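Presented below is the structure to which this report refers.
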Ligand SMILES: Nc1nc2c(c(=O)[nH]1)N[C@H]1C(S)=C(S)[C@@H](COP(=O)(O)O)O[C@H]1N2
Ligand SMILES: [Mo]
């Protein structure tokens with residue numbers, strides 16, 4: 043009779059043992075770095091980074107996709123700060139995650155792999171399941187985030203909804219992980235960095251060891267985190283912009299009129315139209331009153347209205363921010379041409395660009411009424427380049443860059 047499958051399996055196993063093809067056991071990893079006192083300490087830093095990243099991500103999502111509930115136009119650098127922090131804490135969690143996984147991974151070889159689903163087994167199942175979900179979600183968030191700041195849309199899904207949804211999965215798994223591990227975390231954080239091991243051949247004298255290696259590893263992990271942060275943070279924190287050699291975009295570098303460009307005029311399908319001749323003759327700003335009445339404003343007429351100067355940043359969700367001097371007409375003055383200037387109104391902004399998610403945006407009433415919210419025609423002392431939104435674009439304080447609409451030709455005052 044031919045050998046049955048279990049028989050063959052046993053033979054394969056025996057072969058594997060002889061060839062040393064067995065997976066290793068946790069105790070075979072002898073470096074003192076693989077210890078909960080190290081894992082818990084790095085975990086504390088990683089938890090802080092992920093927590094900051096999650097909370098600033100919620101703020102960003104509110105500002106960009108949930109109509110900015112509760113958002114105000116001040117401080118003008120608010121979004122720049124929280125989005126800079128979001129991208130920086132996300133980047134900082136990369137070396138921390140690698141260090142934590144390195145310190146902890148020998149434990150993944152603990153046997154048996156699947157404990158019984160009894161009272162003792164259940165927390166183990168929960169713990170390992172939550173680690174799988176947690177590591178998967180963190181890896182997903184970091185890799186999609188890094189792809190996004192590089193404007194590398196390789197994934198076939200919309201970045202914003204999926205990155206947002208997985209953030210909740212990540213935080214849920216993190217809370218389960220912390221809850222299950224709390225006793226070990228407490229013990230490890232309060233305990234000494236040294237292990238007490240019996241000296242060889244002498245059971246009575248114990249020696250303390252491992253502390254130096256562990257401290258060295260922690261300093262290395264934190265140092266790498268600090269270094270990566272220092273070499274990228276300049277993309278939103280201008281004083282360090284010269285150091286931002288790892289940042290995908292260094293504002294000031296490869297910039298036009300002092301500000302980088304995301305969507306070009308050609309990319310928006312407008313390249314051939316945006317000439318001075320066309321703007322003077324053909325372009326009109328259409329103002330629409332809540333009742334539907336319209337008024338058409340030519341470029342010369344717009345330039346004849348009171349002009350104001352404001353210094354405000356473009357703060358892109360992709361993590362770069364830079365200030366510029368803008369000049370143009372207050373949106374509230376344009377609104378005042380159509381309705382009683384004392385009333386605050388939401389204003390819908392439309393771009394000449396068709397079919398992009400950013401062709402139509404809405405300025406909440408507090409932003410439309412703010413004196414620094416302008417329909418700009420100039421940037422850093424020059425007429426807007428076509429790529430910066432010629433002949434007119436919105437610039438408002440404390441708003442994500444995606445909502446600073448370029449190539450504007452229509453403002454609709456909502457009731
Ligand atoms: N119509 C339109 N406006 C737009 C965009 C766009 O794609 N279409 N991109 C936005 C994004 S994502 C940013 S960060 C800013 C960048 O402005 P800048 O190119 O002048 O620096 O413009 C915003 N305005
Ligand atoms: Mo952006």
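Numbering (our numbering), first residue to last: 43 to 457.
Even glycine gets a Cβ: it sits at the ideal position worked out from N, Cα and C.
Computed from a predicted model, the values in this text were never measured in an experiment.
For residue 450, there is no enclosing alpha helix (DSSP H); the residue is part of the beta strand (DSSP E) that begins and ends at 450-455. Taken from the Cβ of residue 457, every heavy atom of ligand 1 lies 7 Å or farther away. Relative to the Cα of residue 216, the nearest Cα in the group 174, 394, 320, 268 belongs to 174.
Within the model, the alpha-carbon separation for residue 402 versus residue 81 is close to 48 Å.
In this structure, residue 442 keeps its C-beta atom at 8 Å or more from the C-beta atom of residue 206. Residue 79 and residue 112 have their alpha carbons spaced roughly 42 Å apart. Take the alpha-carbon of residue 322 and the one of residue 382: they are about 29 Å apart. DSSP places residue 365 in the strand class (E or B) of the three-state scheme. In this structure, residue 411 places its C-beta atom within 8 Å of the C-beta atom of residue 374. Take the alpha-carbon of residue 191 and the one of residue 106: they are about 16 Å apart.
Here residue 223 is buried. Its C-beta has 16 or more other C-beta atoms within 10 Å.
Between the alpha carbons of residue 220 and residue 89 lies a distance of about 9 Å. Taking the C-beta atoms as reference points, residue 306 is found no nearer than 8 Å to residue 115.
Residue 272: member of the alpha helix (DSSP H) spanning 253-272, first to last residue.
Linking residue 350 to residue 315 through their CA atoms gives a straight-line distance of about 27 Å. Put simply, of 239, 265, 388 the residue whose alpha carbon is nearest the alpha carbon of residue 253 is 239. For the pair of segments examined, the stretch 353-370 was found to touch the stretch 278-287: the number of CB pairs separated by less than 8 Å reaches three. In this structure, residue 95 has its beta carbon at no less than 7 Å from each heavy atom of ligand 2. Counting C-beta pairs with one atom in each stretch, the stretch 282-293 and the stretch 165-181 have fewer than three that are closer than 8 Å, which means they do not touch. Residue selection by CB proximity (closer than 6 Å to any heavy atom of ligand 2) returns 304, 358, 359, 360, 443, 444 in chain order.
It is roughly 13 Å from the alpha-carbon of residue 151 to the alpha-carbon of residue 144. Residue burial is scored here from C-beta neighbours: residue 384 has fewer than 16 other C-beta atoms within 10 angstroms and is therefore classed as exposed.
When DSSP assignments are scanned along the stretch 378-455, the uninterrupted stretches of beta strand (DSSP E) that are 3 or more residues long and fall wholly within it turn out to be 389-393, 402-405, 416-421, 435-437, 450-455. At least one heavy atom of ligand 1 falls within 7 Å of the beta-carbon of residue 400. Runs of alpha helix (DSSP H) with 4 or more residues, each lying fully within the stretch 71-118, are found at 78-107, listed in chain order. The closest CA to that of residue 451, considering only 157, 102, 389, is found on 389. Below 8 Å, too few C-beta pairs join the stretch 189-203 and the stretch 153-169 to call them touching: fewer than three. Here the alpha carbon of residue 125 sits roughly 20 Å from the alpha carbon of residue 404.
Each of 363, 272, 149, 194 was checked against the Cα of residue 446, and the nearest Cα belongs to 363. Put simply, of 96, 95, 259 the residue whose alpha carbon is nearest the alpha carbon of residue 73 is 259. Exclusion of the five residues before and after residue 331 leaves 380, 381, 455 as the residues of its chain whose Cβ lies within less than 7 Å of its Cβ. By the neighbour-count criterion, in which 16 or more other beta carbons inside 10 Å mark a residue as buried, residue 49 falls on the exposed side.
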